[in-house]
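> Please find one structure pasted underneath; my questions will follow.
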Amino acid sequence: MTVLREVTTVVFLVSGLGFMLVGVCGIVRLPDAYHRLHASSKCSTLGLLGLLLGAAVHIGTPEAVMKAVVTLVFAFVATPVGAHVLAKSAHASGMRQWEGTLSDELAEDQDDAAA
Amino acid sequence: MIALVSVVVDVGIVALALGMLLVLYRMVKGPHLADRAIAGDVLAFLVVGVVILLAVDQRRSVSLDAALLVAIVGFAATVAFAQYLGGLTADVEPPEDEAVPL
Amino acid sequence: MSRRLVLNVGLAGIYLVWADERSWLGVLVGIAIGFVVISVYDLSTGLPVYAVRLFRLVRFGAYFLAVLVRANLQIAWEIVTPGFRQTPRILRYPVAHLTAVQKTVFANCITLTPGTLVVDVTPDGGLLYVHCMYAEDRATAITELRKLDERLQREVFS
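Each protein sequence line maps, in turn, to chains A, B and C. Quick note, the first sequence lines up with residues 329 to 443 if you use this note's numbering. Quick note, the second sequence lines up with residues 1188 to 1289 if you use this note's numbering. Quick note, the third sequence lines up with residues 24 to 181 if you use this note's numbering.
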């Protein structure tokens, strides 16, 4: 039983750490701010999921599980919302996009509204 | 067998520290303010990860409170930065508040 | 549905305090009691059976987790392979048929599914602007979004 618990903890922790570090590499490597937001929003959420599940399994008390669940719910709501506000404000402040971008219908609509 | 988790915790903290260095590189270099804001967001999540690993190491649930706290502060910082960033050029009226049916 | 879920967990909490239970078995018993109470109540409301809706919600949760893992693997693959093969676009997607809460849930789900990120929403809430990483063909990307939309309406908002 304890061995099973150790192994579960280690699997959760390692997968969480791996996804978080993938997100970090994405921040460094991807070409423009929208692609970086793709990396940060998805990988932070899943990485936090793995780490919190690992902590909950390892500690194992009801308080720990409750706190992990509360943090998880907050993360699943707050991370995408943070990505939305950052993307919106980046677009509003006129950030230049990667040269491979095919079309930008938001800018088209804003130009139409301004014209 | 007991040492396995603590090894993972030690390696994980070092890995997260290296990740913080990479994020700091993006924060210094970032061509646009938005890139720096994203780097700050990810930095907050890496700190949350370190706090969770410390909670695993101590085997106490008290540190998980700190993790939730850092996550909330990081989210607030992101939103505040986005407000500043969005107000730099465009000045948009916020939409009317409506009653939200659950 | 969300209110019934909260009620289910709340009834479990009331049972835990009332029966002075502090064990995992007690939590399970409390959730089972809440489940039975809500199921019996729902027989009189004419809605689909609570068990079926709960099963649909759990199935959506599992599907969503799988999609989130796939999104991460996609990003990871994009990072480890050299060069950039993205074909990004910012697309409009009409969401006028959803309520405010449903729009928020839908936008969060879009952001956490592979290759898509919500950028903006019009002030009247009628259009969502979605940044798609792989949208060489515009129609295919829109179809993917519509699939997620229909799935959410069928399994979560019903």
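The beta-carbon is built from N, C-alpha and C at its ideal position, and this holds for glycine as well.
1. So with CB distances below 7 Å, who are the chain A contacts of I115(C)?
2. Tell me which same chain residues have a C-beta within less than 7 Å of the C-beta of H294(A), skipping the five on either side of it?
3. Ends of the alpha helix (DSSP H) at D172(C)?
4. Can you round the beta-carbon distance between L80(C) and V60(C) to whole angstroms, since I take them to be within the 8 Å contact cut?
5. Could you spell out the range, first to last residue, of the alpha helix (DSSP H) harbouring P408(A)?
6. Using the Cβ count rule (16 or more neighbours within 10 Å means buried), how would you classify K416(A)?
7. Going along the chain, which residues of its own chain have a beta-carbon closer than 6 Å to the beta-carbon of G1206(B), five neighbours each way excluded?
8. Leaving aside the five residues before and after R333(A) along the sequence, list all residues of the same chain whose C-beta is less than 8 Å from its C-beta, in chain order.
9. Suppose you measure from the CA of A1224(B) to the CA of P71(C); what does that come to, to the nearest Å?
10. Mind the definition here: the region 371 to 380 of chain A touches the region 330 to 349 of chain A only if three or more C-beta pairs lie below 8 Å; say whether that holds.
11. Shorter than 8 Å from the beta carbon of D1252(B) to some beta carbon of chain A?
12. For the alpha helix (DSSP H) that contains H154(C), what are its first and last residues?
13. Just tell me which of D1197(B), H1219(B), L1191(B), A1190(B) has its CA closest to the CA of V1237(B).
14. Check whether the Cβ atoms of A158(C) and T110(C) lie closer than 8 Å to each other.
15. Does the Cβ of I133(C) have 16 or more other Cβ atoms within 10 Å, making it buried, or fewer, making it exposed?
16. Does the region 130 to 144 of chain C touch the region 365 to 374 of chain A, meaning 3 or more C-beta pairs lie closer than 8 Å?
17. Output yes if chain A places a C-beta closer than 8 Å to the C-beta of M156(C); else output no.
18. Any idea what DSSP makes of P1281(B), helix, strand or coil?
19. Please state the DSSP three-state secondary structure of R424(A).
20. Does the Cβ of I1239(B) have 16 or more other Cβ atoms within 10 Å, making it buried, or fewer, making it exposed?
21. Can you list the beta strand (DSSP E) stretches of 3 or more residues lying completely in the region 106 to 154 of chain C, in chain order?
22. For S46(C), does the count of other Cβ atoms within 10 angstroms reach 16, so buried, or fall short, so exposed?
23. Check the Cβ-Cβ distances between D1222(B) and every residue of chain A, and say whether any is below 8 Å.
24. Tell whether a beta-carbon distance below 8 Å holds between D1222(B) and T1265(B).
25. With respect to the alpha helix (DSSP H) encompassing M24(C), which residues constitute its N-terminal and C-terminal limits?
26. Could you tell me the boundaries of the alpha helix (DSSP H) in which S1250(B) lies?
27. Taking CB distances under 8 Å as the criterion, tell me whether G1199(B) reaches chain A.
28. Please report how far the alpha carbon of P1281(B) lies from the alpha carbon of T399(A), in whole angstroms.
29. Going residue by residue through the region 43 to 101 of chain C, where are the continuous alpha helix (DSSP H) segments of at least 4 residues, counting only ones entirely within it?
30. Quick test of your reading: V1243(B) and G422(A), contact by CB under 8 Å. State the CB separation rounded to the nearest angstrom.
31. Under a three-way DSSP split, which group does D432(A) fall into?
32. Tell me the rounded alpha-carbon separation between R115(C) and R174(C).
33. Distance check for D432(A) and R108(C), CA to CA, integer angstroms please.
34. Report yes or no: is there a C-beta of chain A within less than 8 Å of the C-beta of P1281(B)?
35. Determine the direct distance from the alpha carbon of D172(C) to that of L150(C), and round the result to whole angstroms.
Concretely, from the data shown:
1. Rather than Ile, the amino acid found at residue 115(C) in this sequence is Arg. Going along chain A in sequence order, the residues near R115(C) (Cβ under 7 Å) are E433.
2. Residue 294(A) lies beyond the stretch modelled for chain A, which goes from 329 to 443, so this question has no answer here.
3. Annotation: the continuous alpha helix (DSSP H) that includes D172(C) extends over 161 to 178.
4. Contact flag wrong, Cβ pair sits at about 18 Å.
5. Bounds of the alpha helix (DSSP H) holding P408(A) are 390 to 420.
6. When all chains shown are included, K416(A) counts as buried.
7. Taken in chain order, the residues that qualify are L1233.
8. Same-chain partners within the cutoff: V385, H386, G388.
9. Distance between the alpha carbons of A1224(B) and P71(C) is about 45 Å.
10. Using a Cβ-Cβ distance cut-off of 8 Å, the region 371 to 380 of chain A and the region 330 to 349 of chain A are in contact, since at least three pairs of beta carbons, one from each stretch, lie closer than that value.
11. Output row for D1252(B): interface = yes.
12. No alpha helix (DSSP H) holds H154(C); the beta strand (DSSP E) holding it covers 150 to 155.
13. Nearest C-alpha to V1237(B): D1197(B).
14. Closer than 8 Å, so yes.
15. Buried, by the Cβ-count rule.
16. Verdict: yes, contact present.
17. Yes, M156(C) lies at the interface with chain A (some Cβ there is under 8 Å from its Cβ).
18. Because P1281(B) carries a pLDDT of 49, less than 50, the predicted location of this residue cannot be relied on, and the following value inherits that uncertainty. Three-state result, P1281(B): coil.
19. Coil at R424(A), not helix or strand.
20. Around the beta carbon of I1239(B), 16 or more other beta carbons sit within 10 angstroms, so the residue counts as buried.
21. As far as the region 106 to 154 of chain C is concerned, its whole beta strand (DSSP E) runs of at least 3 residues are 112 to 117, 139 to 144.
22. Of the residues assessed, S46(C) falls on the exposed side of the cut-off, its CB having fewer than 16 other CB atoms within 10 angstroms.
23. Closer than 8 Å: yes.
24. No; because the gap between Cβ atoms is not below 8 Å, this pair is not in contact.
25. Per DSSP, M24(C) lies in no alpha helix (DSSP H) segment and is marked neither H nor E.
26. Note, S1250(B): alpha helix (DSSP H), 1249 to 1273.
27. Judged by the 8 Å Cβ criterion, G1199(B) is in contact with chain A.
28. Caution is warranted here: a pLDDT of 49 is assigned to P1281(B), below 50, making its placement in the model unreliable, and the coordinate value is therefore given only provisionally. Spanning the alpha carbons of P1281(B) and T399(A) requires a straight line of approximately 29 Å.
29. You should have 47 to 65.
30. About 44 Å separates the Cβ atoms of V1243(B) and G422(A), ruling out a contact at the 8 Å cut-off.
31. Three-state DSSP puts D432(A) in a strand.
32. One Cα belongs to R115(C), the other to R174(C), and the distance between them is close to 19 Å.
33. Near 18 Å, if we compare the C-alpha coordinates of D432(A) and R108(C).
34. Since pLDDT at P1281(B) reaches only 49, below the 50 mark, its modelled position is unreliable, and the value read off the structure follows with that caveat. Among the CB atoms of chain A, none fall inside 8 Å of the CB of P1281(B).
35. One C-alpha to the other measures close to 14 Å.
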